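Protein chains in written order, with the working numbering: chain A, 1299 to 1629; chain B, 1299 to 1629.
Quick reminder that beta carbons are idealized off the backbone N, C-alpha and C, glycines included.
Nothing here was measured: the structure is a model prediction, and the numbers come from that model.
See below for the structure under consideration.
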DNA sequence: GCACACTTGGAAACCGCTTTCCGGGGAGGT
DNA sequence: ACCTCCCCGGAAAGCGGTTTCCAAGTGTGC
């Protein structure tokens, strides 16, 4: 590889001058030398060694994003939002996928710390296990004590800047909207009990029903993905008129299960989800859901992480109930 | 930040010994010292500085993946496959999104070169413009001359290891299968003319029709995404019995357009796509398409890039026609 | 008991770049 | 004509590790 020294020698200048010309500096370099250096760099095909720069400067220009599952459009949208924001700041992005294993999340923070990345974004639901959350907090604390910045999209459980979707409130509002349509017998495809996002949505939904004086929903746990929704839908009782899946991909799984069994949606049963995944906008029947501005949330999380402000800020972002054809009005 | 030197001092050993204990080495260290060092590292919360390691070792443990659009499930699947493969090798992943701007691809290769990443994966269709392709080749050549490895998922146009989907052949086979069902009047939602993947699929399809002695399809160009398919579908002539969208997300756009206009699929018109995107498996009507093993392709590309073999290998991967309900038999 | 091969610990060079600190020269002020 | 001040170029000291090279200690075989 051609190094800065090669360039400097070829241009007949010192290392310092070459560095100042090629890699930015507060100091000026005369036009003549500057031209010589640039030409030499071009001829030799010089590319600065960023590892060396990072070491010398003590600051890197990469950020880390840790998501649960990149192929889930929810995370893809969030990550894309953050990546666009990063690009405008001239930052590179390192993406880690935990494949829904919380331990992996901790491991990634450690690795990103070793990389001395400028900031890390933890995207996705926290888990209820205080053990893992504690260890993650510790790892984050270690990272931050070394000057690292961090933010999270999810629950405010890590002591870092957080973009927190209003899961409880959104689910509650959805419940009220559905009740308004005349539904009274509900089931909730609730996802895994330890996933805080899932639990919050479920609780918010059930809480609103209770306030309305309606019977408690039939809660069915299972995986947080499409197949989880598919499987859980099989266990919904006959008398249920409306099913709330705690996220859109689960709702799609449920719709598929109903379709296979010849149960019509919304004629025989209504189905609602949560997130308003863009990729699903052409689904038939169109999904009633709670819209979250995912891209913005990703971008905002990056902003928070990079922000100078030392105070930990938690930003709640509200969801908006979107009624579509997967839900019908009862009488 | 705590450095190796801090650890060594605390443990009362030399820098060399501490390095050997903590960051792997061929050399052995006695059990007593080893324990002291490990304890010191633990107490201090030491994390190796990877930038320094990369510099000293002259080799990094990160790879770069450049995709066109992460929120497109096609790229998400490919990237996920590659990332899983990378994880098993203990490699970190840097992801770049070009948002379909070919210039960005060149810029990313330059940046990843500067990062001295171990390998770069270029995922996605090449463009027909020989100018950009040439500059990209140059940038890649520069990277590889410095010891970098590279591979591509797409067309064999860059002189690097390539995983090449059999776009022409797959589209041709699809055309034959559709003709078999009695279709004769076709339209192709062809995407942008400069995108090689789109052009190949279109050409393969048209070629097969010609061989069968059928009339040439009505070719409609437009963007390569869902909205492109939606828009292009509006221009399809009345007499067309079957529409081939050159990828699945475009096909979904077309289906949406038809649905809005009250045109039934497949009763009034048949629609087929290409890729067999997993996220779309629950779409109604189920999409006839050509299946590509996306995750495997991503993983394979990484393998090729990392492989020791110096010869440039091009691996064609075949697609499999999958007939589903979006297409009907005529007469 | 001695030469010899192995181990194992440490000193120091080095990886490629940034940046501080110096010094020389030209411009401007008096 | 002299003194400052400013501008710009270069030497060199890091940044935090890895690894080569030495030296000292430990066994082994004869």
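For this session: Measure the Cβ-Cβ separation of residue 1502(B) and residue 1516(B) and say whether it is below 9 Å.
Result: No, the pair does not count as a contact, with Cβ atoms beyond the cut-off.
Problem set entry | Local conformation of residue 1373(A) per DSSP, three classes | Helix.
Exercise. Skipping 5 residues on each side, what residues in its chain have a beta carbon closer than 7 Å to that of residue 1312(B)?
Worked result: Cβ within range, chain order: 1306.
Exercise. Can you name, in chain order, every residue of its own chain whose Cβ lies under 7 Å from the Cβ of residue 1381(B), other than the five neighbours on each side?
Worked result: Non-local C-beta neighbours of residue 1381(B) in its own chain, meaning closer than 7 Å and more than five positions away in sequence, comprise 1391, ordered along the chain.
Problem set entry | Counted within 10 angstroms of its Cβ, other Cβ atoms place residue 1330(B) as buried (16 or more) or exposed | Exposed is the call here.
For this session: Measure the alpha-carbon distance for residue 1601(B) versus residue 1626(A) and round it to whole angstroms.
Result: When rounded, the distance between both Cα atoms is 51 Å.
Exercise. So does the region 1550-1561 of chain A actually touch the region 1590-1601 of chain A, counting three or more Cβ pairs closer than 8 Å?
Worked result: They do not touch, by the three-pair rule.
For this session: Please go through the same chain and pick out, in chain order, the residues whose beta-carbon is closer than 7 Å to the beta-carbon of residue 1335(A), but skip the five residues on each side of it.
Result: Closer than 7 Å at Cβ, skipping near neighbours: 1305, 1309, 1311, 1315, 1316, 1319, 1320.
Exercise. Are the beta-carbon atoms of residue 1446(A) and residue 1572(A) separated by less than 9 Å?
Worked result: In this structure, residue 1446(A) keeps its C-beta atom at 9 Å or more from the C-beta atom of residue 1572(A).
Exercise. What residues from chain B crowd round residue 1381(A), counting only those whose CB sits closer than 8 Å?
Worked result: Per Cβ cutoff of 8 Å: 1368, 1393, 1395.
For this session: Indicate whether residue 1461(B) and residue 1615(B) have their beta-carbon atoms separated by less than 9 Å.
Result: Contact annotation: residue 1461(B) and residue 1615(B) have beta-carbon atoms nearer than 9 Å.
For this session: State yes or no: is the C-beta of residue 1628(A) within less than 9 Å of the C-beta of residue 1539(A)?
Result: Yes; because the gap between Cβ atoms is below 9 Å, this pair is in contact.
Exercise. Which of the three DSSP states, helix, strand or coil, is assigned to residue 1390(B)?
Worked result: If DSSP states are grouped into helix, strand and coil, residue 1390(B) belongs with the strands.
Exercise. What number of angstroms, rounded off, separates the C-alpha of residue 1348(B) from the C-alpha of residue 1413(B)?
Worked result: In a straight line, the C-alpha of residue 1348(B) is about 12 Å away from that of residue 1413(B).
Exercise. Tell me which same chain residues have a C-beta within less than 7 Å of the C-beta of residue 1384(A), skipping the five on either side of it?
Worked result: The beta carbon of residue 1384(A) sits closer than 7 Å to the beta carbons of 1361, 1391, 1600 from its chain, once the five residues preceding and following it are set aside; these are given in chain order.
Exercise. Assuming residue 1487(B) contacts residue 1531(B) under a Cβ cut-off of 8 Å, what Cβ separation, rounded to an integer in Å, is found between them?
Worked result: That pair is a contact at about 7 Å.
For this session: Out of 1494(A), 1490(A), 1511(A), state which residue places its alpha-carbon closest to the alpha-carbon of residue 1525(A).
Result: Nearest C-alpha to residue 1525(A): 1490(A).
Problem set entry | Closest residue to residue 1617(A) among 1342(A), 1373(A), 1499(A), 1299(A) (Cα-Cα distance) | Considering only alpha carbons, the answer is 1499(A).
For this session: Count the C-beta pairs between the region 1356-1375 of chain A and the region 1339-1346 of chain B that are closer than 8 Å, then say yes if the count reaches three, no if not.
Result: Touching, no.
Exercise. Nearest-angstrom Cα distance between residue 1575(A) and residue 1337(A)?
Worked result: Put simply, the backbone Cα of residue 1575(A) is about 50 Å away from that of residue 1337(A).
Exercise. Is the shortest distance between the beta-carbon of residue 1566(B) and the beta-carbons of chain A less than 9 Å?
Worked result: No - not a single Cβ of chain A is within 9 Å of the one on residue 1566(B).
Exercise. By a C-beta neighbour count over all protein chains shown, 10 Å radius and 16 as the cutoff for buried, is residue 1427(B) buried or exposed?
Worked result: Exposure of residue 1427(B) is indicated by the presence of fewer than 16 other C-beta atoms within 10 angstroms of its C-beta.
For this session: Would you mind giving the Cβ-Cβ distance between residue 1580(A) and residue 1547(A), rounded to the nearest angstrom? I have them listed as a contact below 8 Å.
Result: Not confirmed; about 15 Å, so no contact.
For this session: Determine the DSSP secondary structure at residue 1315(A), reduced to helix, strand or coil.
Result: If DSSP states are grouped into helix, strand and coil, residue 1315(A) belongs with the helices.
For this session: Quick one: give me the first and last residue of the alpha helix (DSSP H) that residue 1400(A) is part of.
Result: Segment 1400-1412, the alpha helix (DSSP H) holding residue 1400(A).
For this session: Could you say which of 1411(A), 1387(A), 1551(A), 1577(A) lies nearest to residue 1394(A) if we only look at CA atoms?
Result: The option with the nearest alpha carbon to residue 1394(A) is 1411(A).
For this session: Classify residue 1534(A) as helix, strand or coil using the three-state DSSP reduction.
Result: DSSP places residue 1534(A) in coil when its eight states are reduced to three.
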